[in-house]
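My numbering numbers the first residue of the sequence shown as 1 and each following residue consecutively.
We put the beta carbon where it would ideally sit given N, CA and C, even for glycine.
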Amino acid sequence: MPDGQSFYAPVRTRAPLLGDAGAILLILVATVLLRLTSFVPAVVDTDEGLYLVQAREWLNGGWPLVAAWDMHPIGAPAMFALAFLAFGVSVEAVRLLGMICVAATACALYGAARAAGAPPRIGIGAGVIYAALSVLLGGLCTNTEILIAPFVAASMALAIRGAAQAVGPTPRAPGWLPLVAMGLLIGCALVVKQVVVPEGSLAFLVLVLPALLRGVLPWRRAALMALAYAGLCAFPFVLAGFVYWTQGWLDQYLDGSLMAPFRYSLERIEGPEAARRIGAAALQLGLAFGAALVAVAAWRPRWAPGPVVLLTGAAIIWFAVTSAAIAGPGFFFAHYFLLWLPPLALLASIGAWWIAGSLARPERGRMAFMAVIGVIAAQAWLVEATGRLERGPGLMHRDPVREVSAKVAEAAGPGGDAFIANYHPSVYVISGARLSTRFPFPAHLTGVFEDLSDTSTEAELVRVLASRPRVIVVDRGWMHTMRPAAAAQVMAAVEQGYELFATVAEYRGPVEIYRAR
Numbered sequence: 001m002p003d004g005q006s007f008y009a010p011v012r013t014r015a016p017l018l019g020d021a022g023a024i025l026l027i028l029v030a031t032v033l034l035r036l037t038s039f040v041p042a043v044v045d046t047d048e049g050l051y052l053v054q055a056r057e058w059l060n061g062g063w064p065l066v067a068a069w070d071m072h073p074i075g076a077p078a079m080f081a082l083a084f085l086a087f088g089v090s091v092e093a094v095r096l097l098g099m100i101c102v103a104a105t106a107c108a109l110y111g112a113a114r115a116a117g118a119p120p121r122i123g124i125g126a127g128v129i130y131a132a133l134s135v136l137l138g139g140l141c142t143n144t145e146i147l148i149a150p151f152v153a154a155s156m157a158l159a160i161r162g163a164a165q166a167v168g169p170t171p172r173a174p175g176w177l178p179l180v181a182m183g184l185l186i187g188c189a190l191v192v193k194q195v196v197v198p199e200g201s202l203a204f205l206v207l208v209l210p211a212l213l214r215g216v217l218p219w220r221r222a223a224l225m226a227l228a229y230a231g232l233c234a235f236p237f238v239l240a241g242f243v244y245w246t247q248g249w250l251d252q253y254l255d256g257s258l259m260a261p262f263r264y265s266l267e268r269i270e271g272p273e274a275a276r277r278i279g280a281a282a283l284q285l286g287l288a289f290g291a292a293l294v295a296v297a298a299w300r301p302r303w304a305p306g307p308v309v310l311l312t313g314a315a316i317i318w319f320a321v322t323s324a325a326i327a328g329p330g331f332f333f334a335h336y337f338l339l340w341l342p343p344l345a346l347l348a349s350i351g352a353w354w355i356a357g358s359l360a361r362p363e364r365g366r367m368a369f370m371a372v373i374g375v376i377a378a379q380a381w382l383v384e385a386t387g388r389l390e391r392g393p394g395l396m397h398r399d400p401v402r403e404v405s406a407k408v409a410e411a412a413g414p415g416g417d418a419f420i421a422n423y424h425p426s427v428y429v430i431s432g433a434r435l436s437t438r439f440p441f442p443a444h445l446t447g448v449f450e451d452l453s454d455t456s457t458e459a460e461l462v463r464v465l466a467s468r469p470r471v472i473v474v475d476r477g478w479m480h481t482m483r484p485a486a487a488a489q490v491m492a493a494v495e496q497g498y499e500l501f502a503t504v505a506e507y508r509g510p511v512e513i514y515r516a517r
């Protein structure tokens, strides 16, 4: 049974260098192996394609939100552009970026466990579980939740370290250096997606609240730290805005980065549909949730204190805050639930530690723990592997997106432009076709989110069709994603001036590539 070491026992925040290096190496190897299939399909989640387009346009001189609009800040295309510069312009480059981000997050979770003084195996288990869970819920591609996770997890690790120092036998107040690091980390994440605000606020509370309650942090200093933290968090966003202002594009920057997300947050799906999506996400993470519930049930701060208690409490609150962040936008898309994964991985690893201690003798506890972690990780990976083998494009079957891209490249010719009416925007990048609109994400132009921008997307659609792009792509299986009026406009333009160049079979129906006559 796990020991009940004193909550106020000296906190050991650093393992021997060799032990930490070995743990990190194990986490890195597990991450690579678990996410290898991410390099196979051209598309896992459509959102990734928009960031691909924005990054390509940026490297060609067209800035995000100006040449290619979105309802997010510029952090995701910035990170994609860096990946393109490092590894070349390709889908594989951003999948490698995703693998790096997952590995960094997993290592940060290990750091959080060590900062709390918990057994190293809990940190290793959390890292491995996070890497395994990251292949679910659209996390196999490089979505925004994957991009922001290392910044948030590293910030929480620093906050937990500060909390552990405040509740130790010789309580210490947090210093300015970790505060500065946390503020800049959260600030970088905020430039990717504003959903980080609740987690950033939590990180600050975890850092300063224990010291305030122990009386080692004066309230005046805490207030100054709060102001400094807020400024540091805002700094990257403000800096980017200043750069856009110097170019005369501040209105586009504010529209895409602030106003559009606000308009988006005003809409909601119905309660029953939200409950269905929440339940579906939770079921995919079933064994991890089961182990996490064991950790919650075993959490007895008064009766069984120890560093694990601190880590468990922080992870529980962290999970609750991410749940609120997921609910904020009101749509509960699958990739939103990736926000759950860092705190859930910590709780699942703690639960595995309790399970192993309850079922095995002390000398076999390590093996029992590894077995529980292995089962949780295998369950997550097998869910993804089953779908990849059953219907996964590019592995056991053809990849329709790459086939469509090849046909678009052939039809458009060198330097030709294309208009993707209701298909994956990644086709623009894979095919090399030029954009015909600054709204490359179909949902923003022909779909149901046409009212997020301050630009009239109805007028923009008329302009695009009148400009007669060289190629128009229509996914017949996704016609329901288009507004009826927009679908009618697109098909009328096709009938008047285009010929069917090629048809590619998707699992939901044919994708038609039209070439201008």
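Can you give the beta carbon distance from residue 470 to residue 515, rounded, assuming they're within the 8 Å contact cut?
-> The residue given as residue 470 occupies position 470 in the sequence shown. The residue given as residue 515 occupies position 515 in the sequence shown. About 7 Å separates the two Cβ atoms, so the contact holds.
Whole-Å CB distance - residue 342 paired with residue 105, under 8 Å assumed | Looking up residue 342 in the sequence shown gives position 342. Looking up residue 105 in the sequence shown gives position 105. Indeed they touch by this definition, with Cβ atoms about 6 Å apart.
For residue 57, which residues does DSSP report across the bridge?
-> To locate residue 57, count along the sequence shown from 1; it is residue 57. For residue 57, which the question treats as bridged, DSSP gives no partner whatsoever.
Keeping to the same chain, check which residues put their C-beta closer than 8 Å to that of residue 254; ignore five residues upstream and five downstream.
-> If you number the sequence shown from 1, residue 254 lands on position 254. Counting only Cβ-Cβ distances below 8 Å, and skipping sequence neighbours, we find 241.
Three-state class that DSSP yields for residue 397 in the structure shown | The sequence position of residue 397 within the sequence shown is 397, counting from 1. The answer is strand: DSSP assigns residue 397 an E or B state.
Residue 103 vs residue 37 beta-carbon contact at 9 Å = Taking the sequence shown and counting its residues from 1, one reaches residue 103 at position 103. Taking the sequence shown and counting its residues from 1, one reaches residue 37 at position 37. Contact: no.
Leaving aside the five residues before and after residue 452 along the sequence, list all residues of the same chain whose C-beta is less than 7 Å from its C-beta, in chain order.
-> For the purposes of this step, residue 452 is identified with residue 452 of the sequence shown, where counting begins at 1. Cβ within range, chain order: 71, 260, 263, 264 and 444.
Would you mind working out which of 266, 347, 340 and 324 sits nearest residue 297, comparing C-alpha positions?
-> On the sequence shown, position 297 is the one that residue 297 refers to. Of the listed residues, the one whose Cα sits closest to residue 297 is 347.
Rounded to the nearest angstrom, how far is the Cβ of residue 59 from that of residue 87, given a contact under 8 Å?
-> As a working mapping, residue 59 is identified with position 59 in the sequence shown. As a working mapping, residue 87 is identified with position 87 in the sequence shown. Not quite, the Cβ-Cβ distance comes to about 13 Å (not below 8 Å), so this is no contact.
Can the beta-carbon of residue 113 be found less than 9 Å from the beta-carbon of residue 358?
-> Translated into the one-based positions of the sequence shown, residue 113 becomes position 113. Translated into the one-based positions of the sequence shown, residue 358 becomes position 358. No; because the gap between Cβ atoms is not below 9 Å, this pair is not in contact.
State whether the stretch 316 to 329 contacts the stretch 117 to 127, with contact taken as three or more CB pairs (one from each stretch) at a distance under 8 Å.
-> Result no; under three Cβ-Cβ pairs closer than 8 Å.
Backbone CA spacing between residue 330 and residue 269 [nearest angstrom] = Walking along the sequence shown from the start, residue 330 turns up at place 330. Walking along the sequence shown from the start, residue 269 turns up at place 269. Each residue's Cα considered, the two are about 6 Å apart.
Would you kindly work out how many angstroms separate the C-alpha atoms of residue 42 and residue 401, rounded to a whole number?
-> Against the sequence shown, residue 42 aligns to sequence position 42. Against the sequence shown, residue 401 aligns to sequence position 401. A straight-line Cα-Cα distance of about 6 Å links residue 42 and residue 401.
Starting from residue 503, follow its DSSP beta bridges and name the residues at the other end.
-> As a first step, residue 503 must be located in the sequence shown, where it is residue number 503. Beta-bridge pairing by DSSP links residue 503 to 512.
Tell me residue 64's beta-bridge partners as DSSP assigns them.
-> For the purposes of this step, residue 64 is taken as residue 64 along the sequence shown, with counting starting at 1. According to DSSP, which records beta bridges pairwise, residue 64 is partnered with 68.
Can you tell me which of the three DSSP states residue 418 falls into?
-> Residue mapping note: residue 418 aligns to position 418 of the sequence shown, counting from 1. DSSP, reduced to helix, strand and coil, places residue 418 within a strand of the structure shown.
Out of 435, 398, 386 and 390, state which residue places its alpha-carbon closest to the alpha-carbon of residue 409.
-> Indexing the sequence shown from 1 puts residue 409 at position 409. Looking at the Cα atoms, 435 is the closest of the given residues.
Considering residue 251, what are the terminal residues of the alpha helix (DSSP H) in which it resides?
-> Residue mapping note: residue 251 aligns to position 251 of the sequence shown, counting from 1. Per DSSP, the unbroken alpha helix (DSSP H) holding residue 251 starts and ends at 250 to 254.
Within the same chain, show all residues whose beta-carbon is closer than 8 Å to that of residue 289, passing over the 5 residues directly before and after it, in chain order.
-> The residue you call residue 289 lines up with position 289 of the sequence shown. So the list reads 282, 344 and 348, once near-sequence residues are dropped.
How big is the Cα-Cα spacing for residue 291 and residue 145?
-> Indexing the sequence shown from 1 puts residue 291 at position 291. Indexing the sequence shown from 1 puts residue 145 at position 145. Rounded to whole angstroms, residue 291 and residue 145 show a C-alpha spacing of 23 Å.
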